[in-house]
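Residue numbers (my numbering): 1 to 184.
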């Protein structure tokens with residue numbers, strides 16, 4: 001027995017895509033820099049230091065005396081020696097006045113006046129310690145600094161942006177079909 005058959009033929013649809021990609025261009029130009037830094041204002045005030053050295057006493061201790069000091073010293077020494085001489089003469093005169101008390105004052109006075117006085121050895125450091133007077137007043141420094149602000153005249157440059165959109169074209173390469181047939 002022959003049974004009729006159903007025969008179906010189908011073809012698939014085919015779509016074709018034509019794609020044009022998008023193009024994007026971005027450029028970033030560098031910024032224009034214009035920076036200036038003015039110098040700070042600097043003011044310095046100083047007072048000079050002062051050093052005073054007084055070596056008058058040290059010079060005199062080393063026997064480097066001025067004519068005024070030397071004259072005063074000689075005058076003082078002369079006065080003292082003359083007073084000492086007058087005292088000795090007065091004492092000798094008193095001894096001679098009392099010659100009746102016994103002894104031999106003339107011989108004793110001759111012995112004393114003919115003898116050299118003993119000189120003593122002294123060690124003397126010259127100049128004497130502390131004889132030089134030193135005064136020092138240090139200098140003073142006042143510093144004033146005034147900083148200046150930065151001058152910024154920089155400019156930015158916007159980015160250059162070019163964009164071309166992409167396109168998609170769709171076309172039907174093959175349409176779908178369905179064919180139904182009976183076979184007997």
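Heads up, the beta-carbon is just placed ideally off N, CA and C, and yes, glycines get one too.
Remember, predicted model here, so these are calculated numbers, not experimental data.
{"Item": "Span separating the alpha-carbon of residue 99 from that of residue 93", "Value": "10 Å"}
{"Item": "Collapsed DSSP secondary structure at residue 86 in the structure displayed", "Value": "helix"}
{"Item": "Same chain only: Cβ atoms within 6 Å of residue 8, ignoring 5 sequence neighbours per side", "Value": "180"}
{"Item": "Backbone secondary structure at residue 185 - three-state DSSP", "Value": "Not covered by the structure: residue 185. The range shown for the chain is 1 to 184."}
{"Item": "Neighbourhood of residue 137 by C-beta distance below 7 Å, restricted to the same chain and skipping five residues each side", "Value": "49 and 50"}
{"Item": "Where the beta strand (DSSP E) containing residue 109 begins and where it ends", "Value": "Careful: residue 109 lies outside any beta strand (DSSP E), inside the alpha helix (DSSP H) at 105-114."}
{"Item": "Residue ranges of each beta strand (DSSP E) within the region 20-76, 3 or longer", "Value": "23-27, 41-47 and 50-54"}
{"Item": "Separation of residue 170 from residue 153, as counted between CA atoms", "Value": "54 Å"}
{"Item": "Cut-off 7 Å between Cβ atoms - residues of its own chain near residue 127, not counting five sequence neighbours on either side", "Value": "58, 61 and 62"}
{"Item": "In DSSP terms, what residue 171 is bridged to", "Value": "16"}
{"Item": "Opening and closing residue of the beta strand (DSSP E) in which residue 10 lies", "Value": "5-11"}
{"Item": "Contact belief for residue 37 with residue 159 at Cβ below 8 Å, rounded distance in angstroms", "Value": "The Cβ separation is near 29 Å, so there is no contact."}
{"Item": "Sequence-distant residues of the same chain with beta carbon closer than 8 Å to residue 182, five excluded per side", "Value": "4, 5, 6 and 7"}
{"Item": "Local conformation of residue 121 per DSSP, three classes", "Value": "coil"}
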